[in-house]
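Asks: Before I ask anything, let me first share the structure, which is written out below as structure tokens.
In our numbering, the protein residues as written are 429 to 546.
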């Protein structure tokens, strides 16, 4: 079955960096577009970043543009989210997701907690 496992979350101070990883198994990774989402306490889940199947195009939420970078390694079936200049408002559970088409995401990871202290 399809499995997505996120890692790399933790507790950091404002201005620090973290790199999240999401390793996938049970599917042909290169056939999927990839995304990162986050959900803060008491808030709805929100889009953070995405990357196309080819890896040539990326999209970012305005709140993270210029600070976060999404990338993919199809050989390792892994998607990354490099997060720099972290802010307390980046505190959330971060989820990776995969989609075969252009609409809904088909598969979701279990989430990894990122906490940024001021």
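Where a beta carbon is used, it is the ideal one built from N, C-alpha and C, also for glycine.
#1: Excluding five sequence neighbours on each side, which residues of the same chain lie with their C-beta closer than 7 Å to the C-beta of residue 546?
#2: So what's residue 518 in DSSP terms, helix, strand or just coil?
#3: How many angstroms separate the CA atom of residue 437 from the CA atom of residue 445?
#4: Quick check: the Cα distance between residue 496 and residue 429, rounded to an integer number of angstroms?
#5: Using CA coordinates, which residue listed in 450, 472 and 490 is at the minimum distance from residue 462?
Replies: With the given structure in hand:
#1: 442 and 516
#2: helix
#3: 10 Å
#4: 30 Å
#5: 450
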